[in-house]
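*Asks:*
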Amino acid sequence: MIKLIEKLPKAELHLHIEGSLEPELMFELAKRNNIKIPYKNIEDVKNAYNFTNLQSFLDIYYAGANVLITKQDFYDLTWAYILKCVENNIIHTEIFFDPQTHTQRGIAFETIISGIVEALKDAKEKFGITTAIIMCFLRHLSQDDALKTLEEALAYKKYILGVGLDSSEIGNPPSKFEQVFKKAKEQGFRLVAHAGEEGDVSYIFEALDLLDIQRIDHGVQSIKSDSLMKRLKKEQIPLTVCPNSNIELKVFENYAQHNIKELLDYGLNVTINSDDPAYFKGYLNQNFINLYENLDLSKDDIIQLVKNSFNSSFISEDLKKEYIKRVEEIVK
Ligand code: HPA
Ligand code: ZN
Numbered sequence: 007m008i009k010l011i012e013k014l015p016k017a018e019l020h021l022h023i024e025g026s027l028e029p030e031l032m033f034e035l036a037k038r039n040n041i042k043i044p045y046k047n048i049e050d051v052k053n054a055y056n057f058t059n060l061q062s063f064l065d066i067y068y069a070g071a072n073v074l075i076t077k078q079d080f081y082d083l084t085w086a087y088i089l090k091c092v093e094n095n096i097i098h099t100e101i102f103f104d105p106q107t108h109t110q111r112g113i114a115f116e117t118i119i120s121g122i123v124e125a126l127k128d129a130k131e132k133f134g135i136t137t138a139i140i141m142c143f144l145r146h147l148s149q150d151d152a153l154k155t156l157e158e159a160l161a162y163k164k165y166i167l168g169v170g171l172d173s174s175e176i177g178n179p180p181s182k183f184e185q186v187f188k189k190a191k192e193q194g195f196r197l198v199a200h201a202g203e204e205g206d207v208s209y210i211f212e213a214l215d216l217l218d219i220q221r222i223d224h225g226v227q228s229i230k231s232d233s234l235m236k237r238l239k240k241e242q243i244p245l246t247v248c249p250n251s252n253i254e255l256k257v258f259e260n261y262a263q264h265n266i267k268e269l270l271d272y273g274l275n276v277t278i279n280s281d282d283p284a285y286f287k288g289y290l291n292q293n294f295i296n297l298y299e300n301l302d303l304s305k306d307d308i309i310q311l312v313k314n315s316f317n318s319s320f321i322s323e324d325l326k327k328e329y330i331k332r333v334e335e336i337v338k
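The working numbering puts the first residue of the sequence shown at 7, with every later residue one more than the last.
1. Can you give me the C-alpha to C-alpha distance between residue 242 and residue 160, rounded to a whole angstrom?
2. What whole-angstrom Cβ distance do residue 174 and residue 301 have, given they're in contact under 8 Å?
3. At a threshold of 8 Å, does residue 264 count as lining the ligand HPA (C-beta to nearest heavy atom)?
4. In angstroms, rounded to a whole number, what distance separates the CA positions of residue 291 and residue 109?
5. Between residue 151 and the ligand HPA, is the CB less than 8 Å from at least one heavy atom?
6. Would you call residue 194 buried or exposed, if buried means 16 or more other Cβ atoms sit within 10 Å of its Cβ?
7. Return the CA-CA distance between residue 12 and residue 225, expressed in angstroms with no decimal places.
8. Put residue 141 into one of helix, strand or coil per three-state DSSP.
9. Please name the residue, chosen from 68, 306, 97, 19, that lies closest to residue 325 on a Cα-to-Cα basis.
10. For the ligand ZN, I want to know if residue 251 counts as a neighbour, meaning its beta carbon is within less than 8 Å of at least one of the ligand's heavy atoms.
11. Taking residue 41 and residue 84 to be in contact with their CB atoms under 8 Å, please state how far apart those CB atoms are, rounded to whole angstroms.
12. Can you check the segment 149 to 223 for any alpha helix (DSSP H) of at least 4 residues that lies completely inside it and give the ranges in chain order?
13. Got a sec: does the ligand ZN put a non-hydrogen atom nearer than 8 Å to the Cβ of residue 20?
14. Quick one: Cα of residue 145 to Cα of residue 171, how far?
15. Within a Cβ cutoff of 7 Å, which residues of the same chain sit near residue 124, ignoring the five residues on either side of it in sequence?
16. State the start and end residues of the unbroken alpha helix (DSSP H) segment that holds residue 80.
17. Just how far apart, CA to CA, sit residue 51 and residue 64?
18. Do residue 146 and the ligand ZN come close, with the Cβ less than 8 Å from some heavy atom?
19. Could you spell out where the beta strand (DSSP E) holding residue 259 opens and where it closes?
20. Quick check on the burial criterion: 16 or more other C-beta atoms within 10 angstroms. Buried or exposed for residue 348?
21. Identify the continuous alpha helix (DSSP H) that holds residue 226 and give its terminal residues.
22. Specify whether the segment 315 to 334 and the segment 89 to 108 touch according to this definition: at least 3 beta carbon pairs, one from each stretch, less than 8 Å apart.
23. Give the list of continuous beta strand (DSSP E) stretches no shorter than 3 residues that lie fully inside the segment 15 to 49.
24. Identify, in the order they occur along the chain, each residue of the same chain with its Cβ nearer than 8 Å to the Cβ of residue 234, setting aside the five sequence neighbours on each side.
25. Rounded to the nearest angstrom, what separates residue 308 and residue 112 at their Cα positions?
26. Look at the alpha carbon of residue 183 and the alpha carbon of residue 217, and state the distance between them as a whole number of angstroms.
27. Check this for me: beta carbons of residue 139 and residue 92, under 9 Å apart or not?
28. Report yes if the CB atom of residue 19 is closer than 9 Å to the CB atom of residue 336, and no otherwise.
29. Helix, strand or coil, according to DSSP, for residue 58 in the structure here?
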C-alpha cells in the first residue's frame, strides 16, 4: 500500500508556504541575510519543534519566517517545496501565503509575491505541476489590517486565486472578518478559511454562513454536530484535513485517535494535506502513510481521498477529469 500511496498522483490543497521552510534553508537564509535566529544548529531547531497547541507552533513559525527578506528567498522557499511535490507525486498544489507576516516586518508585497510566482512558473515549465495561490489573512490581527492587505493585493490579482483565514483560531471567530470576505467575494476571489481546528463547531458555521467559504481548512471538529455533519455531506463541502499537523498540535492524541476515517465513512468530502510539513515531520505521502499505518484505511479509502483532492481543487472540470484519469490508470 505504501508503494501505491507513493505512486498515486495527488493534489495538495492546504499548504502554508512559510511552513515548508526546512531548518537547513532557515540557517542558509539567516546567514545570507545576516539575521539572528535563536538556534545554535539544526539539532537545536528540531528540538524546539515540540508543540503543545496551535499557539505554541505559531510563535515558532512566525519567528522562522523572519529569515525571508528578498525575492530570491521567497523563490528558494517555494522552489524547495516544489521539489518536495515532485518527490511526493503532487501534480497540483494550491498554496497559502501569509503576506502580513512579512509586510509587518517591512517586506514589500511585490517582493513576496514575485518570488513565489516565479518559482511556480518554473514548476509548470520544468515539471508540469499546476498551482494556485491563496492569500491568508492573519486572524489575530484586525479586520482593518486585513482590508488594507486585500487592497494591496488587488494590484497582483492575476496571481492570487483566493483568500483564506489562518493563525490563532480561538478568540478570533470568522465573524470578525465578514466585511473583508464580502469584499474579496465581490472581487471574484475564491474563499476558504481555517475553521474547527481547535475552535468549536460555531467557527465552522460562521465560516460557512457569514464568510460564504467554499472549502473548510481542517474542520475536524465538525463531528461534534449532527446537523453540521448532515449539511457537509449533503453539500459535499470539502474539508482539507492535515493529520500530521493535528497530531503535532495535540488536536488528537495519536494517529489511531484521528477521526478522518469516521468523516470519510460518513460520506464527507475529506482530503489529506500537509499544512506545515517542515514543522510537522513530513510531507504529503508521510501523512497518508501515518494514517494507513494507524487506522483501518483500505485501498479504496486512499483512492477516494486522492480523488477528493482533485475534485475539491479550484481547477477546471476538464483538468479534474484528466487528473482523475491519471489516478485511475495507476490503480487499474
Ligand atoms: N492553523 C492556523 N494557522 C496556521 C496553521 C494552522 O494549522 N498553519 C500555519 N498557520
Ligand atoms: Zn493550515
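From the three backbone atoms N, C-alpha and C, an ideal C-beta is built for every residue, glycine too.
*Replies:* This is what the structure gives:
1. Looking up residue 242 in the sequence shown gives position 236. Looking up residue 160 in the sequence shown gives position 154. Answer to the nearest angstrom: the Cα atoms are 30 Å apart.
2. The residue labelled residue 174 in the question sits at position 168 within the sequence shown. The residue labelled residue 301 in the question sits at position 295 within the sequence shown. That pair is no contact at about 29 Å.
3. As a position in the sequence shown, residue 264 is number 258, starting the count at 1. Not under cutoff, so the answer is no.
4. Along the sequence shown, read from residue 1 onward, the residue named residue 291 stands at position 285. Along the sequence shown, read from residue 1 onward, the residue named residue 109 stands at position 103. In a straight line, the C-alpha of residue 291 is about 33 Å away from that of residue 109.
5. The residue you call residue 151 lines up with position 145 of the sequence shown. Short note on residue 151: C-beta not closer than 8 Å to any heavy atom of the ligand HPA.
6. Your numbering for residue 194 matches position 188 in the sequence shown. By the neighbour-count rule (16 or more Cβ atoms within 10 Å), residue 194 is not buried but exposed.
7. Within the sequence shown, the letter at position 6 stands for residue 12. Within the sequence shown, the letter at position 219 stands for residue 225. One alpha carbon belongs to residue 12, the other to residue 225, and they sit about 26 Å apart.
8. Residue numbering aside, residue 141 sits at position 135 when the sequence shown is read from its first letter. Three-state result, residue 141: strand.
9. As a position in the sequence shown, residue 325 is number 319, starting the count at 1. Among 68, 306, 97, 19, the Cα nearest to that of residue 325 is on 97.
10. If you number the sequence shown from 1, residue 251 lands on position 245. Correct: residue 251 has its Cβ closer than 8 Å to the ligand ZN.
11. Taking the sequence shown and counting its residues from 1, the one referred to as residue 41 is at position 35. Taking the sequence shown and counting its residues from 1, the one referred to as residue 84 is at position 78. The Cβ separation is near 19 Å, so there is no contact.
12. The qualifying runs are 149 to 159, 184 to 192, 207 to 215.
13. As a first step, residue 20 is located in the sequence shown; it is residue number 14 there, counting from the start. Answer for residue 20: yes, Cβ within range of the ligand ZN.
14. Stepping through the sequence shown from its first residue, residue 145 is reached at position 139. Stepping through the sequence shown from its first residue, residue 171 is reached at position 165. Residue 145 and residue 171: Cα-Cα distance of roughly 6 Å.
15. For the purposes of this step, residue 124 is taken as the residue at position 118 of the sequence shown. Answer for residue 124: 81, listed in chain order.
16. In the sequence shown, the residue the question calls residue 80 occupies position 74. Start and end: 77 to 94.
17. For this step, residue 51 is matched to residue 45 along the sequence shown. For this step, residue 64 is matched to residue 58 along the sequence shown. The straight-line gap from Cα to Cα measures roughly 15 Å.
18. Position 140 of the sequence shown, counted from the first residue, corresponds to residue 146. At a cut-off of 8 Å, the beta-carbon of residue 146 does not count as near the ligand ZN: no heavy atom of the ligand is closer than that.
19. In the sequence shown, the residue the question calls residue 259 occupies position 253. No beta strand (DSSP E) holds residue 259; DSSP gives it neither H nor E.
20. Residue 348 is absent from the model: the chain starts at 7 and stops at 338.
21. Here residue 226 corresponds to residue number 220 of the sequence shown, with the count starting at 1. The continuous stretches of alpha helix (DSSP H) do not include residue 226, and DSSP gives it neither H nor E.
22. As far as the Cβ criterion goes, the segment 315 to 334 touches the segment 89 to 108, which means the pair count is three or higher.
23. As far as the segment 15 to 49 is concerned, its whole beta strand (DSSP E) runs of at least 3 residues are 16 to 22.
24. Here residue 234 refers to the residue found at position 228 when the sequence shown is read from its first residue. Excluding sequence positions up to five before and after residue 234, its CB lies within less than 8 Å of the CB of 207, 210, 211, 228, all in the same chain and listed in chain order.
25. The residue labelled residue 308 in the question sits at position 302 within the sequence shown. The residue labelled residue 112 in the question sits at position 106 within the sequence shown. When rounded, the distance between both Cα atoms is 43 Å.
26. As a working note, residue 183 is residue 177 in the sequence shown. As a working note, residue 217 is residue 211 in the sequence shown. In a straight line, the C-alpha of residue 183 is about 8 Å away from that of residue 217.
27. The residue labelled residue 139 in the question sits at position 133 within the sequence shown. The residue labelled residue 92 in the question sits at position 86 within the sequence shown. The Cβ-Cβ distance between residue 139 and residue 92 does not fall below 9 Å.
28. Your numbering for residue 19 matches position 13 in the sequence shown. Your numbering for residue 336 matches position 330 in the sequence shown. Going by C-beta atoms, residue 19 is not nearer than 9 Å to residue 336.
29. Mapped onto the sequence shown, residue 58 falls at position 52. Taken through DSSP and simplified to helix, strand or coil, residue 58 comes out as coil.
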